[in-house]
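Straight run, no breaks: the sequence shown in my numbering ends on number 224.
We put the CB at the ideal spot given by N, CA and C, even for glycine.
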Amino acid sequence: MDAGDLLKQVRLMPVVVIEDARKAVELAHILLEAGIGAIEITLRTECALAAIENIASAVPGILLGAGSVRTPQHFASISSAGAVFAVSPGHSDSLLAAAAAQRMPFVPAAATASECIKLLEHGYRLQKFFPAELLGGVANIKTLSAPLPELRFFPSGGITSANAREYLNCPAVACISGTWFLPMDALNAGDFETISRLAREAVAIIKD
Ligand code: 3PG
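This is the structure:
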């Protein structure tokens, strides 16, 4: 259940850690207005599923996914909540089986050539590369992609406005993802002006 086709237009994936599901709908609107067509709500907070439900019912125009997916049961719950794709910081045989059983487009993560090859064997040509900066960033992606030309990377972890362009300039990178334009203090305070400004700055970087 490779997510490559579903996400092929997406170059920037916001990774959202949300503590108040009531803020989810406005956040999704702000991102859409800034030119960001997809959103990944991480299953790191108690209200994550409620946030997914809220966005699914109020903002059908955004491509809605769940992140930090790490148990097979997560696939059924995020699908019921309205998510249409899943992202994980890693992978396991049971996660791959659950994604297939749920027919859920999935971006599992790999950090080594052996993990990349295992996921390619399962049909995953789009793979999260996490935590990107700690793994050597763009230099590592370039090195891995030489013997794995069919693979497209979805790096995340340590990407900021300072290095986003460098990642996107790498032909093996399909989409960058991260939290740098969604500061939690701004989201918790309902400071959507700041988020809107940072999101627009992020979009300007990817369009450069
Ligand atoms: C993720 O889940 O993709 C990462 O937590 C994002 O990492 P960042 O906070 O460094 O952008």
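- The closest heavy atom of the ligand 3PG lies less than 7 angstroms from the beta carbon of residue 195.
- Rounded to the nearest whole angstrom, the CA to CA distance from residue 154 to residue 223 is 19 angstroms.
- For the alpha helix (DSSP H) assignment, the uninterrupted runs of no fewer than 4 residues enclosed by the region 153 to 181 are, from N- to C-terminal side, 153 to 161.
- At least one heavy atom of the ligand 3PG lies closer than 7 angstroms to the C-beta of residue 172.
- C-alpha of residue 102 to C-alpha of residue 123: approximately 6 angstroms in a straight line.
- Per DSSP, reduced to three states, the secondary structure at residue 30 is strand.
- Using a C-beta cut-off of 8 angstroms, the region 154 to 165 makes contact with the region 180 to 190, since at least three inter-stretch Cβ pairs fall below that distance.
- The beta carbon of residue 104 sits no closer than 7 angstroms to any heavy atom of the ligand 3PG.
- Taking the Cα of residue 203 as reference, the smallest distance to any Cα among 83, 66, 33 and 218 is reached at 33.
- For residue 144, the uninterrupted beta strand (DSSP E) segment begins and ends at 142 to 145.
- Within the region 37 to 121, the complete alpha helix (DSSP H) runs of at least 4 residues fall at 40 to 50, 64 to 74, 88 to 97 and 109 to 118.
- Following the DSSP letters along the chain, one finds residue 206 in no beta strand (DSSP E), marked with neither H nor E.
- The Cβ neighbour count for residue 168, taken over all protein chains shown within 10 Å, is at least 16; the residue is labelled buried.
- Sequence-distant Cβ neighbours of residue 73 in its own chain, meaning closer than 8 angstroms and more than five residues away, are 98.
- Remark: the shortest separation between the CB of residue 175 and any heavy atom of the ligand 3PG falls under 7 angstroms.
- For residue 87, the closest C-alpha among the options 181, 104 and 146 is that of 104.
- For residue 129, the enclosing alpha helix (DSSP H) stretches over residues 129 to 137.
- A distance below 7 angstroms between beta-carbons, with the five flanking residues on each side excluded, links residue 200 to the following residues of its chain, in chain order: 33.
- Looking at the backbone, the Cα of residue 121 and that of residue 172 are separated by about 18 angstroms.
- Around the Cβ of residue 39, a 10 Å sphere holds 16 or more other Cβ atoms; the residue is buried.
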